[in-house]
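Enquirer: First residue of the sequence shown: 226, per this note's numbering; consecutive thereafter. Even glycine gets a Cβ: it sits at the ideal position worked out from N, Cα and C. Quick one: the structure is below, and I'll ask about it shortly.
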Amino acid sequence: MKIRIFPTDRAAAAALAGEIVAALRDDPQLVIGLPAGRTPVTLYRELAVRCARGVADFSRATTFNLDEFLGLGPDDPGSYRGSMERHLFSGINIDRARIQFLDGRAPDPEAECARYEAAIEQAGGIGLQILGIGANGHIGFNEPGPWLSARTHRVALTPETRRANAALFGGDPERVPREALSMGMATILRARAIVLLATGRSKAACVERMIHGPLTTELPASFLQLHRHVDVVLDEGAAARLRGAS
Ligand code: GLP
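Spelled out as structure tokens, the structure:
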């Protein structure tokens with residue numbers, strides 16, 4: 226893992242935005258995996274700014290988001306699809322037909338998961354996977370537990386994760402759906418390159434375990450140690466427990 230520490234979350238987001246823009250210049254048809262959540266909001270703003278300036282071009286890129294709440298559709302304000310629309314898709318020149326998302330309202334969720342896996346394959350696999358991390362060490366919605374799922378799957382959310390997502394539901398964890406659909410660990414690890422972005426002190430403990438701890442299903446992000454091309458982009462808060470970090 227290559228670890229980089231920036232003084233602020235804004236500086237981390239700006240550096241990563243610059244790298245995504247450069248990757249798109251090298252490969253305009255890049256297939257990008259994207260996280261929802263609060264962490265990437267600054268990154269997405271930076272990407273929209275670069276698009277408005279004509280520096281970034283998403284017109285031939287494809288995106289696959291990591292996860293979605295079960296039962297929610299794109300028009301639902303609490304859905305990740307809705308959140309991505311507000312924070313990223315409305316601000317960049319992406320071809321709408323190339324935005325790929327798990328459909329939380331699909332009548333057959335298992336079939337929807339299989340469809341998504343096939344769509345990723347058909348797109349040639351994910352070239353660059355951007356990740357956030359949950360405070361309990363989850364990536365996507367791959368929650369800690371005795372086992373992990375390899376492929377895109379239906380998952381029950383932990384109370385902690387429902388609390389962490391409450392902001393999308395008027396601050397009420399009870400309104401957060403109990404289940405979700407998520408790319409699996411193998412889906413994520415098959416990306417050719419991965420960048421994990423973590424900011425803020427609340428992520429410091431899980432970041433330390435992800436980098437220095439053992440591989441364990443109790444901290445799903447620890448499996449990123451198996452991948453050859455993982456960049457970890459941190460602000461000082463998220464890096465606070467790393468050896469040698471200030
Ligand atoms: C959420 C999402 C993840 C996200 C993570 C961190 O529950 N399922 O895709 O990366 O948890 O979220 P945040 O960035 O809001 O801390």
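#1: At what residues does the alpha helix (DSSP H) containing R340 begin and finish?
#2: Cα-Cα, which of E404, R330, N390, R403 is closest to T264?
#3: For Q325, name the three-state secondary structure that DSSP assigns.
#4: Counting only the same chain and skipping the five closest in sequence on each side, list residues whose C-beta sits under 7 Å from that of E404.
#5: What three-state label does DSSP hand H437 in the structure shown?
#6: Should R263 be listed as close to the ligand MG, given that the test is whether its C-beta is under 7 Å from any heavy atom?
#7: Ends of the alpha helix (DSSP H) at L268?
#8: Can you give me the Cβ contacts of D397 inside the same chain, cut-off strictly under 7 Å, excluding the 5 residues immediately before and after it?
#9: Let me know the secondary structure DSSP gives I245 once reduced to three states.
#10: Between which residues of its own chain and L255 is the CB-CB distance below 8 Å, once the five residues before and five after are set aside?
#11: Identify, in the order they occur along the chain, each residue of the same chain with its Cβ nearer than 6 Å to the Cβ of M435, setting aside the five sequence neighbours on each side.
#12: What's the C-alpha gap between C276 and S308?
#13: Beta-carbon within less than 8 Å of S471's beta-carbon, same chain only, minus the 5 sequence neighbours each way: which residues are those?
#14: Since T546 is in the alpha helix (DSSP H), which residue starts that stretch and which ends it?
#15: For a test of your reading of the model: does the CB of D292 fall under 7 Å from any non-hydrogen atom of the ligand GLP? Yes or no.
#16: With DSSP as the reference, label F283 as helix, strand or coil.
#17: Suppose the cutoff is 7 Å on Cβ atoms and the five residues either side in sequence are ignored; what does the same chain contact list for G438 look like?
#18: What is the DSSP secondary structure of Q254, counted as helix, strand or coil?
#19: Should P260 be counted as a contact of the ligand GLP given a C-beta to heavy atom distance under 7 Å?
#20: Rounded to the nearest angstrom, what separates D300 and R306 at their Cα positions?
#21: Rounded to a whole number of angstroms, what is the C-alpha to C-alpha distance between G243 and L422?
#22: Between which two residues does the alpha helix (DSSP H) containing A389 stretch?
#23: Under the three-state reduction of DSSP, which class applies to A237: helix, strand or coil?
#24: Buried or exposed, going by whether 16 or more other CB atoms sit within 10 Å of the CB of D292?
Expert: On the basis of the coordinates in this document:
#1: 334-347
#2: N390
#3: strand
#4: L295, R379, V380, A381, L382
#5: helix
#6: With respect to the ligand MG, the structure shown offers nothing to examine, as its ligands consist of the ligand GLP.
#7: 266-277
#8: A391
#9: I245: helix per DSSP, three-state reduction.
#10: A248, L249, A286, T287, G352, L353
#11: A446, S447
#12: 19 Å
#13: Note that S471 has pLDDT 49, beneath the 50 cutoff, so the model's placement of it is unreliable and the number below is only indicative. Excluding positions up to five away in sequence, the list reads E461.
#14: Residue coverage of the chain in this structure runs from 226 to 471, which leaves residue 546 outside it and unanswerable.
#15: Yes, since a heavy atom of the ligand GLP falls inside the 7 Å radius drawn around the Cβ of D292.
#16: coil
#17: L444, S447
#18: coil
#19: yes
#20: 8 Å
#21: Looking at the two C-alpha atoms, the distance is approximately 14 Å.
#22: 384-389
#23: Secondary structure at A237: helix, using DSSP grouped into helix, strand and coil.
#24: buried
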